[in-house]
Each structure stands twice: as structure tokens, then as C-alpha cells.
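Here's the structure, in C-alpha cells; my notes come after.
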Amino acid sequence: MRRKLVVGNWKMNGSRQTVLELLGTIGARSKAAGCEVAICPPFVYLDLCNLVLSATDIALGAQDMSEHASGARTGEVSATMLTDFRCRYVLLGHSERRTSHGESDETVARKTLQAIEAGLSPIVCVGETWEERQAGRTYDVLARQIHVVADALNSSGQLMSLTVAYEPVWAIGSGVTATASVAQDAHAFIRQCLARHSATASQRVRILYGGSMKPDNAAELLAMPDIDGGLIGGASLNASQFLSIIDAAVRLEAVQ
Ligand code: PGA
50 MRRKLVVGNW KMNGSRQTVL ELLGTIGARS KAAGCEVAIC PPFVYLDLCN LVLSATDIAL
110 GAQDMSEHAS GARTGEVSAT MLTDFRCRYV LLGHSERRTS HGESDETVAR KTLQAIEAGL
170 SPIVCVGETW EERQAGRTYD VLARQIHVVA DALNSSGQLM SLTVAYEPVW AIGSGVTATA
230 SVAQDAHAFI RQCLARHSAT ASQRVRILYG GSMKPDNAAE LLAMPDIDGG LIGGASLNAS
290 QFLSIIDAAV RLEAVQ
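Whatever position you read off the sequence shown (first residue = 1), add 49 for the working numbering.
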């Protein structure tokens, strides 16, 4: 069975003060034992988050990393630097990076391999734009994004260490959420794509939903058979909203 995973993506938000307040509340009340929880703050707050979360089960993740191991790469952060800061996860290929930083599927694939080889669990984000959905190209886009990454990996063991986040671009930060059935269809399709590489891995890989997941829609989305958790942007910056989403995941874990 796949344990639910709820990940907060703070994007370029927060301050030292926010880390103390937000994580103080989330860390103290989160029933993380019932489901897995991770926070992805900006790089500069990783160390402080680590300190605040040290007595909790909440894992740490980064929002991106370099595709290179080390060297003359001004401004970049490597996979081993993230493990040095006790990161377990790293978000890769978020649509904001694909759009504003020109990250291609191939770049995302190289980063994914680099992350796995350094011992991180990459959370690879995929998803179609509204125009692609309207043009009936959703599944073509998802298949391409998944296959390029899976082809770059060397074994089904590597594929198993992946988490995928289905984030329809039109739902990110827009307040418009995919309906549970639209999301479930996309998740089931992503699992079929993974099965072309390894049937075992396709059953183990967690597929998170991201895109305006909030306390009022989380339970319905998380109840879908192929939705194994959430990647939460805006609502992860509000302790009570984030805790409500965690509670929804914990309740579902309890009945499964
Ligand atoms: P959102 O962001 O929850 O604010 O839509 C999700 C994401 O971009 O990961």
C-alpha cells in the first residue's frame, strides 16, 4: 500500500520569522505519524527548518537543484549539498521552472538521475497547460514528460525511488482545482505510463496531486485510488489550512 504524502511547497515565500511561527505550529500539532509530511522551503531556510523540525517526523525537501555534481556553477545548489542539509526530497520540473527557467524534459531527467544517485527522493512535476488540455493533448504531454524521465533512469529500483506530482498548470495558484475525476483519470494514465517501464514500480510510485488543493477539496481528491497525496503551494503557508489537509490524509489512511 502507498502511504499518503503531503508536501508543502513554499515557493519564494517566507522569512526566518515565518519558519519559526509556521513550522512551530505545524510541527507541534501535525499527526505526521498517520501520513508522511514534508516541507520544501527556499534553500536559505533549510538549515533553520531542519532545526525546528528535528524533533518531528516532518521531512525536508528542496524546491530545485543543479543537474551538475559540483564546480564552477555560480548560484547553483547540488544534490549532495541537499543531503548534507538532511533533505529527503527535492521538487524537480515544477511548471514555474519549466516556464520561467526554460527547463526541458531532458534537463528534468538529468536532475532526476543526479538526485537519485545522491540518495534523494525526487518529486517530478508534470502537467498540461490549459491550451494543451483544450487541444486534447493532455495525455500526449503527460506521456512525454514521464517517459523522458523514466528512460533516463538505469533500473526499476531507481524508478521506484521517484514520486510524481500531477500539477495541471491551469490549476496552480489559480484557485481552480481539477475535479477529483479529472485528476484521477490523469493519475491513472501516469501510472500506466510508468507501468511501461516497470509494473512493480508503477504500483509503488506515489503520484501526488497539486494545483489549488485546499482544505475544502482535499478529502475528495485524496480519496481517489491513484491520488497518493498532495503538493500544496498557497495553503502550505497557512498553518491551519495545511494542518486540515494533513488531517484529511490521516483520516483516509485510517480507513484504508
Ligand atoms: P498551489 O501551488 O497549491 O498554490 O496551486 C501548487 C504548486 O505549485 O506546487
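Backbone N, C-alpha and C define an ideal beta-carbon position, used for all residues, glycine too.
Give the range of the alpha helix (DSSP H) segment to which residue i is assigned.
i       : result
Val-198 : 187–201
Ala-77  : 65–78
Pro-171 : Per DSSP, Pro-171 belongs to no alpha helix (DSSP H); it is in the beta strand (DSSP E), 170–175.
Leu-140 : Careful: Leu-140 lies outside any alpha helix (DSSP H), inside the beta strand (DSSP E) at 138–141.
Leu-100 : 95–102
Ser-247 : Careful: Ser-247 lies outside any alpha helix (DSSP H) and carries neither H nor E.
Asp-265 : 264–271
Leu-286 : Leu-286 -> no alpha helix (DSSP H), and no H or E assigned at all.
Val-157 : 154–166
Trp-179 : 179–183
Does the distance from the CB of residue i to the CB of residue j come in under 7 angstroms?
i       : j       : result
Pro-264 : Gln-233 : no
Cys-89  : Gly-110 : yes
Ala-237 : Asp-189 : no
Leu-271 : Leu-243 : no
Ser-210 : Ser-149 : no
Gln-112 : Leu-140 : yes
Thr-129 : Ile-172 : no
Ala-201 : Ala-158 : yes
Ala-297 : Ala-250 : no
Cys-174 : Gly-151 : no
Leu-54  : Gly-278 : yes
Leu-257 : Leu-280 : yes
Leu-208 : Ala-199 : yes
Going by DSSP, name the residue or residues bridged to residue i.
i       : result
Arg-255 : Thr-212
Val-231 : None; Val-231 has no bridge partner.
Gly-224 : Answer is none; Gly-224 lacks a bridge partner.
Ala-108 : Ala-87
Val-55  : Val-86 and Gly-279
Please state whether DSSP places residue i in a helix, a strand or coil.
i       : result
Gly-83  : helix
Ala-118 : coil
Ile-295 : helix
Asn-62  : coil
Ala-303 : helix
Thr-132 : helix
Thr-148 : helix
Ser-205 : helix
Val-28  : The displayed coordinates of the chain run from 50 to 305. Any statement about residue 28 would go beyond what the structure contains.
Could you give the first and the last residue of the continuous beta strand (DSSP E) run that contains residue i?
i       : result
Ile-281 : 278–281
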